[in-house]
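Step one of this worksheet: look at the structure below.
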Amino acid sequence: MKKWLLFFGAILAVGIFARMDHTGTDVSKLEPVKLVYMDSQNGMITLAADTQAQGSGNTVAGAVEDLKDSAKGKIILETAEHLLVTPGAWEAVSRLMPYLRPDCSVTLAKGTPELEAAAGFLDIHKPDFTLNDLRAGDLRVPMLYTQEGRMRLGNG
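Taking my numbering, the leading residue of the sequence shown gets 47, the next gets one more, and so forth.
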């Protein structure tokens, strides 16, 4: 009797498992982000990633959604190691924080850098200011100066 119960239980488990939705995300469609660039002009928030994705909106949430929609695949903001912020977008940084990991470095941007090059530059020069520092009230944010394709990291 026990063997029959185990047999029917196993068949039932296989049947339930077979009816479950097995859709997932194709790994080749994932777009991990290394750098996020944030700007604000005329009340519009603009976000760009080193993956070529760009988005804009009246709010940070709207800009994030537009950024995700413009990506070729599924963009992963939580992998961002660097956040570049223009002085005009500084007030909106706190609304972007929930989308990024706490140890993401934060740098003010003076000039408009090429994002892939800026990600490589910041990987090498490692700004020591993070979103955690910002949450703690520290405002000694480093500045990335870009002029004629050249970059320099200094005090903001």
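In this text, a Cβ means the ideal position worked out from N, Cα and C, and glycines have one as well. Because the structure is a prediction, the values reported are computed rather than measured.
Report task. Could you give the DSSP three-state label for A109: helix, strand or coil? Result -> helix
Report task. Check each candidate in P188, A182 and I91 and name the one with the smallest Cα separation from H128. Result -> The shortest Cα separation from H128 among P188, A182 and I91 belongs to P188.
Query raised in the report: Can at least three beta-carbon pairs, one atom from the stretch 108-117 and one from the stretch 176-196, be found at a separation below 8 Å?
Result: no
Query - Simplified DSSP state of D179, which is helix, strand or coil - result: helix
**Report entry** Buried versus exposed, by CB contacts within 10 Å (16 or more), I170
**Finding:** exposed
Query raised in the report: Is there contact here, the stretch 137-147 with the stretch 100-113, by at least three beta-carbon pairs under 8 Å?
Result: yes
**Report entry** Assigned exposure category for P148 - 16 Cβ within 10 Å defines buried
**Finding:** So P148 counts as exposed.
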